[in-house]
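Q:
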Amino acid sequence: MDGIHDLGGRQGFGKVRYTLNAPAFHAVWEVRVNSLYSFAVRRGIFNMDEYRYAIERMDPRHYLAASYYERSLTGLGTLCVEKGCATREELERRAQGLFPLSAPSTHGRTNAPTRERFKPGDRVRVRPDHVPGHTRMPAYIRGKTGVVVSESPAYPFPDASAHGVEARDEPTYDVRFRSEDLWPDSSDHALVHVGVFQSYLERVV
Amino acid sequence: MSMSNQDRVVRRAASIEQRVDAIQAALEERGMKVAEALEELGHLAQQEWSPQNGARVVARAWVDPEFRARLLADGRAAVAELGFSMPKHHRHLVVLENTQTVHNVICCTQCSCTAFTLIGLPPDWYKDFEYRARVVRESRTVLREMGLDLPPEVEIRVWDTTADTRYMVLPEQPPETIGWPEEKLASIVTRDSLIGVTRLW
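From first to last, the protein sequence lines stand for chains R and B. Numbering-wise (this note's numbering), the first sequence opens with residue 1 and increments by one. Numbering-wise (this note's numbering), the second sequence opens with residue 1001 and increments by one.
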């Protein structure tokens, strides 16, 4: 989905609020949220793709206003309800107030019907896919051409795995893009490396 | 028909802490031993998964060229030699070597993925929208704003963590530290140099 979470290359954001030795956690509840979602993943209640997708389905206003760990908490609460570990009413009764959750899931997809094995140096294009569900293809590489640098071990295909759809694990390719190709005339010169799933790629001939 | 009292009550969002408590209580009511697990996971996140791990890996790579070669070839296997593990779903660790002419920097534009067992859970700025939106597109400007003004001849490579492959930067060793013992070398390697927003010299 072209959701609010897909921030790469979005304009209008100001300076990074960088401090030396910045903390990972600012409050005890943040540590608890991080541990609770890890616990749920370890227990097999949901997987990492489902977790990321649950956060992506948050109302965009809420997503932008919430802190990182409030987004994590919202994804966790949503999945607890969807996986039958709680009902929304129960959570709201226990919390003594509203518990904002994410929008319902749409549908996923399995691997692309034709997938090619690439090798370093191959020129590839990111397929111009638009999907309603979870995907790990950032919009800024859609339709763009790059060069394969290396291949990773096979991973679960996120577009399927976030939706309980059957799919084969597939490799990701480290694809190198030129920033000028991604954002012509409006980027700093750099090489941008993205881990791209095989199903998202086609060969450039 | 009149509205019931309940319908007329304006309900407010529960506080964050109340929401966290509600989830934990719901899981516990279903027989899960949550409290013990949270103690263990909280300890891991705050004590064990620390940038000192990545720093030790870097120090070893600086003093041992054969280890350095293994680290660059297969990061996951090499860090395991030093006793460091990664979650099962992080199937691959790519270590990115900074040089005088190449500077690597890591990000995750869609969420905030990191090799957290080696460089620690990510700092706040790494998770903020500013870093996620801008570093892929305006890398040189963003690094300069963060205090790292790279000479124009240095090529910048940005690594967006879109899959479960994880990245760690191998910073350059400051020349004046050549010959230092490994432990002392590890003490100068910072988390932010493992992410690639600072250099050590």
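For glycine and all other residues, C-beta sits at the position ideal for the given N, C-alpha and C. Only a predicted model underlies this, so the values are computations on that prediction, with no experimental measurement involved.
Select from the segment 1073-1092 of chain B all residues with a C-beta closer than 8 Å to any C-beta belonging to chain R, and list them in chain order.
A: Here the close residues are H1089, R1091, H1092.
Q: Tell me which residues of the segment 1-15 of chain R have at least one Cβ-Cβ distance to chain B shorter than 7 Å, keeping chain order.
A: Residues passing the 7 Å Cβ filter: H5, D6, L7, G8, G9, R10, F13, G14, K15.
Q: Taking the alpha carbon of L91/R as the point to measure from, which residue in D1021/B, V1189/B, R1137/B, W1180/B has its own alpha carbon closest?
A: Counting from 1 along the first sequence, the entry for residue 91/R is found at position 91. Closest by alpha carbon: D1021/B.
Q: Evaluate the contact criterion for the segment 101-120 of chain R versus the segment 128-143 of chain R: three or more CB pairs, one atom per stretch, below 8 Å.
A: Cβ pair count under 8 Å is three or more, so yes.
Q: Using the three-state DSSP reduction, which class does N1104/B fall into: helix, strand or coil?
A: As a working mapping, residue 1104/B is identified with position 104 in the second sequence. Correct three-state label for N1104/B: strand.
Q: If I'm right that H163/R touches V1158/B with Cβ under 8 Å, what's the distance once you round it to whole angstroms?
A: Taking the first residue of the first sequence as position 1, residue 163/R is located at position 163. Taking the first residue of the second sequence as position 1, residue 1158/B is located at position 158. Incorrect: roughly 29 Å between the Cβ atoms, too far for contact.
Q: With DSSP as the reference, label F197/R as helix, strand or coil.
A: Translated into positions along the first sequence, residue 197/R becomes position 197. Note: F197/R maps to strand in three-state DSSP.
Q: By Cβ distance, which residues of its chain are closer than 6 Å to H5/R, with the 5 residues on each side in sequence left out?
A: As a position in the first sequence, residue 5/R is number 5, starting the count at 1. Excluding residues within five positions, the ones whose Cβ falls inside 6 Å are E56.
Q: What is the DSSP secondary structure of D1160/B, reduced to helix, strand or coil?
A: As a working mapping, residue 1160/B is identified with position 160 in the second sequence. Three-state result, D1160/B: strand.
Q: With a threshold of 6 Å on Cβ separation, who are the neighbours of S1004/B within its own chain once the five nearest residues in sequence on each side are excluded?
A: As a first step, residue 1004/B is located in the second sequence; it is residue number 4 there, counting from the start. Its pLDDT being 49, under 50, S1004/B is placed unreliably in this model, and the coordinates cannot settle the point.
Q: For S1002/B, is the classification buried or exposed, using 16 other Cβ atoms within 10 angstroms of its Cβ as the cut-off for buried?
A: As a working mapping, residue 1002/B is identified with position 2 in the second sequence. Summary for S1002/B: the model assigns pLDDT 46, below 50, so the residue's position carries little reliability; its value from the coordinates is reported in the next sentence. Per the 10 Å Cβ criterion, exposed.
Q: Count the other C-beta atoms from every protein chain shown that fall within 10 angstroms of the C-beta of V205/R, then say buried if there are 16 or more, exposed otherwise.
A: Position 205 of the first sequence, counted from the start, is the residue given in the question as residue 205/R. Exposed is the call here.
Q: Out of R10/R, G3/R, M1/R, R17/R, state which residue places its alpha-carbon closest to the alpha-carbon of W183/R.
A: Start at 1 with the first residue of the first sequence, and residue 183/R comes out as number 183. Selected option, being the one with the closest Cα: R10/R.
Q: Could you check if G14/R is buried or exposed, using at least 16 other CB atoms within 10 Å of its CB as the buried criterion?
A: Here the question's residue 14/R lines up with position 14 in the first sequence. When all chains shown are included, G14/R counts as exposed.
Q: Given that a residue counts as buried once 16 or more other Cβ atoms are within 10 Å of its Cβ, and exposed if not, what is D1149/B?
A: Along the second sequence, read from residue 1 onward, the residue named residue 1149/B stands at position 149. The residue in question, D1149/B, is exposed, as its Cβ has fewer than 16 Cβ neighbours within 10 Å.
Q: Candidates D59/R, R178/R, L191/R, Y173/R: which alpha carbon is nearest R203/R's?
A: Stepping through the first sequence from its first residue, residue 203/R is reached at position 203. Of the listed residues, the one whose Cα sits closest to R203/R is Y173/R.
Q: Is there at least one Cβ from chain R nearer than 9 Å to W1201/B's Cβ?
A: By 1-based counting over the second sequence, the position of residue 1201/B is 201. Cβ-Cβ to chain R under 9 Å: no for W1201/B.
Q: Excluding the 5 residues flanking A112/R on each side, which residues of the same chain have their C-beta closer than 6 Å to its C-beta?
A: The residue labelled residue 112/R in the question sits at position 112 within the first sequence. Around A112/R: S199.
Q: Go to G1075/B, then tell me how far its alpha helix (DSSP H) extends in each direction, as first and last residue.
A: Mapped onto the second sequence, residue 1075/B falls at position 75. Per DSSP, G1075/B belongs to the alpha helix (DSSP H) from 1075-1081.
Q: Pair every Cβ in the segment 1050-1069 of chain B with every Cβ in the segment 1171-1182 of chain B, then say whether three or more of these pairs are closer than 8 Å.
A: Yes, they touch.
Q: So the candidates are F1084/B, R1137/B, T1162/B; which of them puts its Cα closest to the Cα of S187/R?
A: What you label residue 187/R is simply residue 187 of the first sequence in a count that begins at 1. Of the listed residues, the one whose Cα sits closest to S187/R is R1137/B.
Q: Using a C-beta cutoff of 9 Å, does D103/R count as contacting chain B?
A: Locating residue 103/R in the first sequence gives position 103, counting from the first residue. Looking at the sequence itself, residue 103/R is Ala, so the reference to Asp does not match. Chain B contact via Cβ: absent.
Q: Checking the sheet assignment: what are the DSSP bridge partners for L1170/B?
A: Here residue 1170/B refers to the residue found at position 170 of the second sequence. Answer is E1097/B, bridged to L1170/B.
Q: Taking the alpha-carbon positions, what's the R1030/B to R52/R distance?
A: Taking the second sequence and counting its residues from 1, the one referred to as residue 1030/B is at position 30. Taking the first sequence and counting its residues from 1, the one referred to as residue 52/R is at position 52. Rounded to the nearest angstrom, the two C-alpha atoms are 24 Å apart.
Q: Of all the residues that make up the segment 166-200 of chain R, which are near chain B by a beta-carbon distance shorter than 9 Å?
A: Listed by position, the residues of the segment 166-200 of chain R near chain B (Cβ gap below 9 Å) are T172, D174, R176, S179, L182, W183, S186, S187, D188, H189, A190, L191, V192, H193, V194, G195, V196, F197.
Q: Is the shortest distance between the beta-carbon of F46/R and the beta-carbons of chain B less than 9 Å?
A: Indexing the first sequence from 1 puts residue 46/R at position 46. For F46/R, the answer is no, since every Cβ of chain B falls outside 9 Å of its Cβ.
Q: So, at 8 Å on beta carbons, what are the nonlocal neighbours of V1154/B in its own chain, with the 5 sequence-adjacent residues on each side left out?
A: Here residue 1154/B refers to the residue found at position 154 when the second sequence is read from its first residue. So the list reads Q1100, T1101, V1102, H1103, once near-sequence residues are dropped.
Q: Between the segment 25-39 of chain R and chain B, which residues of the former have a C-beta closer than 8 Å to a C-beta of the latter?
A: Here the close residues are F25, H26, W29, V31, R32, V33, N34, S35, L36, S38, F39.
Q: Starting from the Cα of V1197/B, find the closest Cα among T1109/B, R1140/B, T1162/B and give me that residue.
A: One-based indexing of the second sequence puts residue 1197/B at position 197. If we check each option's Cα against that of V1197/B, R1140/B comes out closest.
Q: Just how far apart, CA to CA, sit V1192/B and E89/R?
A: For the purposes of this step, residue 1192/B is identified with residue 192 of the second sequence, where counting begins at 1. For the purposes of this step, residue 89/R is identified with residue 89 of the first sequence, where counting begins at 1. Here residue 1192/B turns out to be Asp, not Val, going by the sequence shown. Looking at the two C-alpha atoms, the distance is approximately 43 Å.
Q: At a Cβ cut of 9 Å, what residues of the segment 92-119 of chain R count as close to chain B, listed as they run along the chain?
A: Residues E92, R93, R94, A95, Q96, G97, L98, F99, P100.
Q: Can you check whether the C-beta of E50/R is within less than 9 Å of a C-beta belonging to chain B?
A: By 1-based counting over the first sequence, the position of residue 50/R is 50. It does not; no Cβ of chain B falls within 9 Å.
Q: Give me, in chain order, the residues of the same chain whose beta-carbon lies closer than 8 Å to that of R1144/B; leave out the 5 immediate sequence neighbours on both sides.
A: One-based indexing of the second sequence puts residue 1144/B at position 144. Cβ within range, chain order: L1150.
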